[in-house]
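Asker: One structure is given below, represented as structure tokens, and several questions about it will come after.
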Amino acid sequence: TVGAVAVDVHGNVASATSTGGILNKMEGRVGDTPCVGCGGYADNRVGAVSTTGYGEAIMKVTLARLILFHMEQGQSAEAASDSALAYMKSRVEGLGGVVTVDPQGHWAARFSSAQMCWAAAQEDVLHYGVYAGEHLTENI
Amino acid sequence: MLPVVVVHGGAGHCPKERSESAKKGVCAAARAGYEVLRGGGGSMDAVVEAVTQLENNSLFNAGCGSVLNIKGDVEMDALVMDGQTLASGAVAAVRNIANPVQLSRLVMDKTSHVCLTAGGAQQFAESMGVPLVQQESLITDYARMRWRQNLAPEANPVECQMGKMG
Chain A
16 TVGAVAVDVH GNVASATSTG GILNKMEGRV GDTPCVGCGG YADNRVGAVS
66 TTGYGEAIMK VTLARLILFH MEQGQSAEAA SDSALAYMKS RVEGLGGVVT
116 VDPQGHWAAR FSSAQMCWAA AQEDVLHYGV YAGEHLTENI
Chain B
8 MLPVVVVHGG AGHCPKERSE SAKKGVCAAA RAGYEVLRGG GGSMDAVVEA
58 VTQLENNSLF NAGCGSVLNI KGDVEMDALV MDGQTLASGA VAAVRNIANP
108 VQLSRLVMDK TSHVCLTAGG AQQFAESMGV PLVQQESLIT DYARMRWRQN
158 LAPEANPVEC QMGKMG
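Sequence lines, in order, name chains A and B. Take any residue in the first sequence, count from 1 to its spot, add 15: that is its number in this note's numbering. Take any residue in the second sequence, count from 1 to its spot, add 7: that is its number in this note's numbering.
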């Protein structure tokens, strides 16, 4: 699965997610990706999220909307992402990852799976990583 | 606010021999989205551009490079959402489409619906002038190898794809 979130100069947020699904899935199986609130969500009043991981688990906890709910309660993008991923892991044993932004441009790339490729571009600096704790930067 | 684009290339197990290429892929996608924002483009344009780049990169499980279903076919899903209006568009179980994310944006922009699936989504694509592509053009040798590996009765595709706990 791949995805992106963004904030533009006007403070508008957006989310996009795309996937081939799960390996050797049943014909006709649809996961979280095309479901609003699961594979992604965007609301200028709170932020935007794109998710990846085990779709059936993500759908059970409506992961993208759950993150934005935590942000509505005052958590940062990073804390809200971690809270929701931890909830999914403990409640339904689901692993995954997310990219999250708020309308002010604060962002997070968090995951509970073994790895997640991610990158962010802001203020002419590129941030990226794959492994837990890895955060590399270079100028654009 | 500070314009920003953040992308992911999927959670789960990323083999070491593919991780450097995957890093380059997500970095290129983030740069492409950021260029849209730097040029005054909107956040929706930026995320669609970034995801299109990732769909076109055969390293990732979307577009070209998608994993295969049990019959060895590609079936893809995509979603876009606009934070200003809460408008959204999605496609599910689509085949023969190189960039499902662009088709999902057309669903958002050109219909009053949220999600189109399978044959209906394909008919919509044709009516919008979106070119159809051969299934084979979306299938990589790597995807075919993983499909074969997971045909065995004792195979665990989810474990294979998601890996162990982080």
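Every residue gets a Cβ at the ideal spot worked out from N, C-alpha and C, and that includes glycine.
Name the chain B residues whose beta carbon is nearer than 7 Å to that of lysine 40 of chain A?
Answerer: What lysine 40 of chain A touches in chain B: Asn76, Ile77.
Asker: Among residues of its own chain, excluding the 5 on either side of glutamate 56 of chain B, which ones have a beta-carbon nearer than 6 Å to its beta-carbon?
Answerer: Excluding positions up to five away in sequence, the list reads Ala39, Gly40, Val43.
Asker: Could you work out which residue in A:Glu42, A:Asp58, A:Val45, A:Glu71 is closest to valine 20 of chain A when comparing CA atoms only?
Answerer: If we check each option's Cα against that of valine 20 of chain A, A:Asp58 comes out closest.
Asker: Looking at chain B, is there any beta carbon in it that lies within less than 8 Å of the beta carbon of glutamate 138 of chain A?
Answerer: Judged by the 8 Å Cβ criterion, glutamate 138 of chain A is in contact with chain B.
Asker: With a threshold of 8 Å between beta-carbons, can valine 45 of chain A be considered close to chain B, or not?
Answerer: Yes - at least one Cβ of chain B is within 8 Å of the one on valine 45 of chain A.
Asker: Against chain B, does leucine 110 of chain A count as a neighbour if the rule is that its beta carbon must be under 8 Å from one of theirs?
Answerer: With 8 Å as the cut-off, leucine 110 of chain A counts as an interface residue toward chain B.
Asker: CB alanine 135 of chain A to CB alanine 37 of chain B, shorter than 8 Å?
Answerer: Yes.
Asker: Please report how far the alpha carbon of glycine 48 of chain B lies from the alpha carbon of aspartate 139 of chain A, in whole angstroms.
Answerer: Computed Cα separation, rounded: 16 Å.
Asker: What residue range does the alpha helix (DSSP H) around methionine 41 of chain A cover?
Answerer: Counting along the chain, methionine 41 of chain A falls outside any alpha helix (DSSP H), and DSSP gives it neither H nor E.
Asker: Drop a sphere of 10 angstroms on the beta-carbon of methionine 103 of chain A, count the other beta-carbons inside from all chains shown, and report buried for 16 or more, exposed for fewer.
Answerer: Its Cβ being crowded by 16 or more others within 10 Å, methionine 103 of chain A is buried.
Asker: Within 10 angstroms of its Cβ, does glutamate 82 of chain B collect 16 or more other Cβ (buried), or is it exposed?
Answerer: The residue in question, glutamate 82 of chain B, is buried, as its Cβ has 16 or more Cβ neighbours within 10 Å.
Asker: So which residues on chain A does glutamine 91 of chain B lean against when the C-beta distance must stay under 7 Å?
Answerer: The contacting residues are Asn27, Asn59.
Asker: What residues match up with phenylalanine 126 of chain A in a beta bridge as DSSP calls it?
Answerer: Its beta-bridge partners are A:Gly112.
Asker: Using Cβ-Cβ distances below 7 Å, what residues of the stretch 108-119 of chain B are close to chain A?
Answerer: Answer in chain order: Val108.
Asker: For the ligand SAH, is there a heavy atom less than 7 Å away from the beta-carbon of glutamine 137 of chain A?
Answerer: Annotation note on the ligand SAH: not contained in the displayed structure, which lists no ligands.
Asker: Is the beta carbon of threonine 115 of chain A closer than 8 Å to that of glycine 62 of chain A?
Answerer: Yes; because the gap between Cβ atoms is below 8 Å, this pair is in contact.
Asker: Strictly under 8 Å for the Cβ-Cβ distance: is valine 55 of chain B near chain A by that measure?
Answerer: Closer than 8 Å: yes.
Asker: Under 9 Å between beta-carbons, which chain B residues line up against leucine 6 of chain A? List them in chain order, please.
Answerer: The structure shown does not extend to residue 6 of chain A, since chain A is modelled only from 16 through 155, so no value can be given for it.
Asker: With leucine 110 of chain B and valine 121 of chain B assumed to form a contact (beta carbons below 8 Å), what rounded beta-carbon distance in angstroms separates them?
Answerer: Contact doesn't hold; Cβ gap of about 13 Å is too wide.
Asker: Return helix, strand or coil for asparagine 103 of chain B, following the three-state DSSP convention.
Answerer: Here asparagine 103 of chain B sits in coil by DSSP.
Asker: Does DSSP put serine 111 of chain B in a helix, in a strand, or in coil?
Answerer: Serine 111 of chain B falls in the helix class under three-state DSSP.
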